[in-house]
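Take a look at the structure below.
Numbering (the UniProt record's numbering), first residue to last: 1 to 112.
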């Protein structure tokens, strides 16, 4: 069951007419998730291109910035990430959420 306002709601009018459309849609969502994590890492002043950081994030199954709130910095340190980036990855979730909210509000104001 897809909740009201989901990707397939009448409001979003997403139509998938063939299996190819579905796979393109899934790939686009995965790319968006990766972009969101990369954007969050940049916001938190952590290098998203660092191979150690990328590997740990993949190993932990993190696909959305909000998942960082579920972990403590020690979880990242045990996997080889230095203390400073570990702390930044776990402590900036609230700030990033507020940043996204303000950016969305500002973009809506400029559209009207």
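All residues carry an ideal CB built from backbone N, CA and C; glycine is no exception.
Using the Cα positions of residue 91 and residue 100, report the straight-line distance between them to the nearest angstrom. Taking the first residue of the chain shown as position 1, residue 91 is located at position 91. Taking the first residue of the chain shown as position 1, residue 100 is located at position 100. Straight-line Cα distance between these residues: approximately 16 Å.
Take the Cβ of residue 109 as the centre, count every other Cβ of all protein chains shown within 10 Å, and call the residue buried at 16 or more, exposed below. Residue 109 sits at position 109 when you count from the first residue of the chain shown. So residue 109 counts as exposed.
Taking DSSP as the reference, what is the three-state secondary structure of residue 74? Here residue 74 is taken as the residue at index 74 of the chain shown, counted from 1. Here residue 74 sits in helix by DSSP.
Of the choices 85, 80, 98 and 84, whose alpha-carbon is the least far from that of residue 178? No information on residue 178 is available, as it lies outside the stretch 1 to 112 that the chain covers here.
Own chain, CB closer than 7 Å to residue 62, minus 5 neighbours either side, in chain order: Walking along the chain shown from the start, residue 62 turns up at place 62. Excluding positions up to five away in sequence, the list reads 37 and 68.
State the CB to CB distance for the pair residue 46 and residue 83, rounded to an integer number of angstroms; the pair is presumed to be in contact (CB under 8 Å). Within the chain shown, residue 46 is the residue found at index 46, counting from 1. Within the chain shown, residue 83 is the residue found at index 83, counting from 1. Their Cβ separation, rounded to whole angstroms, is 12 Å, which puts residue 46 and residue 83 out of contact at 8 Å.
So, using beta-carbon positions, are residue 79 and residue 56 closer together than 8 Å? Position 79 of the chain shown, counting from 1, holds the residue named residue 79. Position 56 of the chain shown, counting from 1, holds the residue named residue 56. Closer than 8 Å, so yes.
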